[in-house]
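In this note's numbering, the protein residues as written are 410 to 640.
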Amino acid sequence: MKSLQFKITLQDIEPPIWRRILVPENYSFWDLHVAIQDAMGWTDSHLHGFETKRYSRTRIGIPSSDEFNVKTRAGWNIKVKDNFDKVNKKMLYTYDFGDSWEHEIVFEKIVEKEIKKPECLDGARACPPEDCGGTGGYENFCKIMKSKKGKEYQEMKKWYEGDYDPEAFDPLKVKFNDPRKRLDVGKRSAKAWYIIKNPGYIISSIPNPEEQWKPRHANNIFKPSKAAAKQ
């Protein structure tokens with residue numbers, strides 16, 4: 410089995426925050442989502458979505474409700490390798506539809522190497538904090554944390570639970586989780602949204618999520634972020 414190499418770059422931030430990862434060739438979009446979360450340093454506390462040329466009118470992620478009026482296909486049903494060729498090498502990955510962290514995902518090459526779990530090959534700069542308000546909030550956060558003085562700094566340091574070094578990143582310290590263990594949580598989240606929208610259904614009667622559901626933003630689907638945990 411071969412491997413797929415991707416470069417992930419967080420958009421609208423300079424200097425860029427990026428990662429280069431290798432994933433197994435048989436990975437689904439759900440598996441890739443978990444690998445991106447782990448490589449970047451996100452906590453998987455919000456919804457996500459992939460946008461590709463092949464599925465130009467739909468989003469790939471966790472099917473839920475219809476707040477954005479865009480159909481969402483279940484990422485665990487779609488293989489990553491089927492969406493790339495010599496022409497189509499890029500896609501957009503959005504995490505947290507509130508803060509709207511947009512990542513450019515570039516398929517770089519097929520590697521003649523068999524791996525059982527992802528590897529982080531390279532990268533630069535620390536991941537922004539969860540729930541800091543998107544790129545604008547991140548810039549303000551970095552400015553305050555850099556000052557290391559004043560009431561705002563003390564409050565922000567308490568909120569973040571420590572100091573923050575925007576340049577810190579070591580690819581050797583990246584730990585990848587098993588996407589299969591997190592998949593049950595994703596499916597339960599999709600089912601929960603369907604029940605909210607259709608209270609007459611029971612879990613055993615829910616249709617195929619890839620065919621039925623549309624996306625809706627939801628905070629803290631998997632585990633609370635630092636900010637949410639304090640509320």
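All residues carry an ideal CB built from backbone N, CA and C; glycine is no exception. Keep in mind the model is a prediction, meaning the values are calculated, not measured.
Count the other CB atoms, across all protein chains shown, that sit within 10 Å of the CB of residue i; report buried if there are 16 or more and exposed otherwise.
i: Met554; result: buried
i: Ser454; result: buried
i: Ala448; result: buried
i: Met565; result: buried
i: Val443; result: buried
i: Ile519; result: exposed
i: Ser634; result: Low local confidence applies: a pLDDT of 36 at Ser634 is under 50, so the model's placement there is unreliable, with the coordinate-based value given in what follows. By the 10 Å Cβ count, Ser634 comes out buried.
i: Met410; result: exposed
i: Ala577; result: exposed
i: Gly559; result: exposed
i: Asn466; result: One point to set straight first is that residue 466 is Arg, not Asn, in the sequence displayed. By the neighbour-count rule (16 or more Cβ atoms within 10 Å), Arg466 is not buried but exposed.
i: Arg429; result: buried
i: Ser509; result: exposed
i: Leu581; result: exposed
i: Gln563; result: exposed
i: Gly545; result: exposed
Taking the alpha carbon of residue i as the reference point, which residue from the options has its own alpha carbon closest?
i: Arg597; options: Trp485, Ser509, Lys584; result: Trp485
i: Arg534; options: Gln414, Arg466, Ile422; result: Ile422
i: Asn492; options: Asp508, Ser412, Arg463, Asn549; result: Arg463
i: Phe506; options: Arg482, Asp540, Asp587; result: Asp540
i: Ser437; options: Asp508, Gly450, Glu517, Pro527; result: Pro527
i: Lys557; options: Arg589, Pro433, Gly571, Pro580; result: Gly571
i: Thr418; options: Arg482, Phe550, Phe516; result: Phe516
i: Thr452; options: Arg482, Pro538, Glu513, Ala577; result: Pro538
i: Val583; options: Pro425, Ile514, Ile445, Gln414; result: Ile445
Grab the span of the beta strand (DSSP E) containing residue i for me, first residue to last.
i: Asp531; result: 528-533
i: Trp510; result: 510-520
i: Tyr502; result: 499-504
i: Ala577; result: Element bounds for Ala577: n/a, residue is neither H nor E.
i: Arg468; result: 467-470
i: Lys480; result: 480-483
What are the residues that DSSP puts in a beta bridge with residue i?
i: Leu431; result: Gln414, Glu528
i: Ala444; result: None; Ala444 has no bridge partner.
i: Leu419; result: Ile426, His512
i: Glu460; result: Leu501
i: Lys488; result: Ser437
Going by DSSP, what residue range makes up the alpha helix (DSSP H) through residue i?
i: Thr544; result: 543-556
i: Gly450; result: No alpha helix (DSSP H) contains Gly450, which DSSP labels as neither H nor E.
i: Tyr569; result: 559-569
Is residue i near the ligand MG - that is, is its Cβ less than 6 angstroms away from at least one heavy atom of it?
i: Glu521; result: For the structure depicted, the ligand MG is absent and the ligand set is empty, with no information on it obtainable.
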